[in-house]
Ligand code: G3P
Ligand code: MG
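Residue numbers (full-length UniProt numbering): 1 to 244.
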């Protein structure tokens, strides 16, 4: 069980403002062995870590990520919406997180979720892969997306980097589908996961990494089912379970 990957969702989003450097750093302090984050692109082509296409919810700016430059985006403040004590946090660049993981001093698995369902960011896949390779993190990265065409493109560009199929419900025999597009993992909403599915997927060499699993009883059931990883806002809770 100890090899199960403890993916911190948007960092330690249950304790810190999501997708900020303090959230990623705290996730590592809490024992996360993986970090999930969301990747979008600025108008001038820089990859940045933010869940929403709009800047409104976490910074108060009405603009969209795709319409601002990196310089403009970096002036925004992305911590105080969560708690005043995190005022001053910025939206990180992908490179900042890659550097944190490279310097972690232990193996941390990266789950880079491409947010390209609503918006087709030009060259998003290639730019992300170039960055992961430049930091030497290909072996410890899983690229995921709800846009499965994008996963196919990533696999063609970088066969050595794992891909994970994000889906919400009812995908029929997803381990077969995963095989058909070369994906190594299923990033399913937890309610779409059954123990017999996990057994089938595992037998086909496909890993389940369900999201977003925050309750202890849910984590326990998925651990017993044999999932390979769990994506959670509370990596501390999962770390506690796994250490027992
Ligand atoms: O990658 C798992 C999860 O983050 C997918 O949903 O909306 O939280 O990005 P969302
Ligand atoms: Mg995500």
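A virtual CB, placed ideally from N, CA and C, is assigned to each residue, including glycine.
Bear in mind the structure is a predicted one, so any value in this text is a computation, not a measurement.
Taking C-beta separations shorter than 7 Å and ignoring five residues to either side along the sequence, the partners of residue 117 in its chain run 146 and 147, following chain order. Segment contact: the segment 174 to 186 against the segment 23 to 41, fewer than three CB-CB distances shorter than 8 Å; contact not assigned.
Per DSSP, residue 40 lies in no alpha helix (DSSP H); the unbroken beta strand (DSSP E) holding it starts and ends at 34 to 41. By the Cβ neighbour-count rule, residue 49 is buried, with 16 or more other Cβ atoms within 10 Å of its own. For residue 156, the enclosing alpha helix (DSSP H) starts and ends at 148 to 157. Contact between residue 233 and residue 214 is confirmed by a C-beta separation of about 5 Å, below the 8 Å threshold. If you check the C-beta of residue 38 against ligand 1, you find a heavy atom less than 7 Å away.
In the pairwise beta carbon analysis, the segment 168 to 178 is classified as not touching the segment 216 to 229: fewer than three pairs are separated by under 8 Å.
If you draw a 10 Å sphere on the C-beta of residue 27, you find 16 or more other C-beta atoms in it, and that means buried.
Burial is judged here by how many other beta carbons sit within 10 angstroms of a residue's own beta carbon; residue 168 has fewer than 16 and is exposed.
Look at the beta carbons and you see the segment 84 to 93 touching the segment 11 to 21: at least three pairs across the two are nearer than 8 Å. Annotated three-state conformation of residue 96 is helix, per DSSP.
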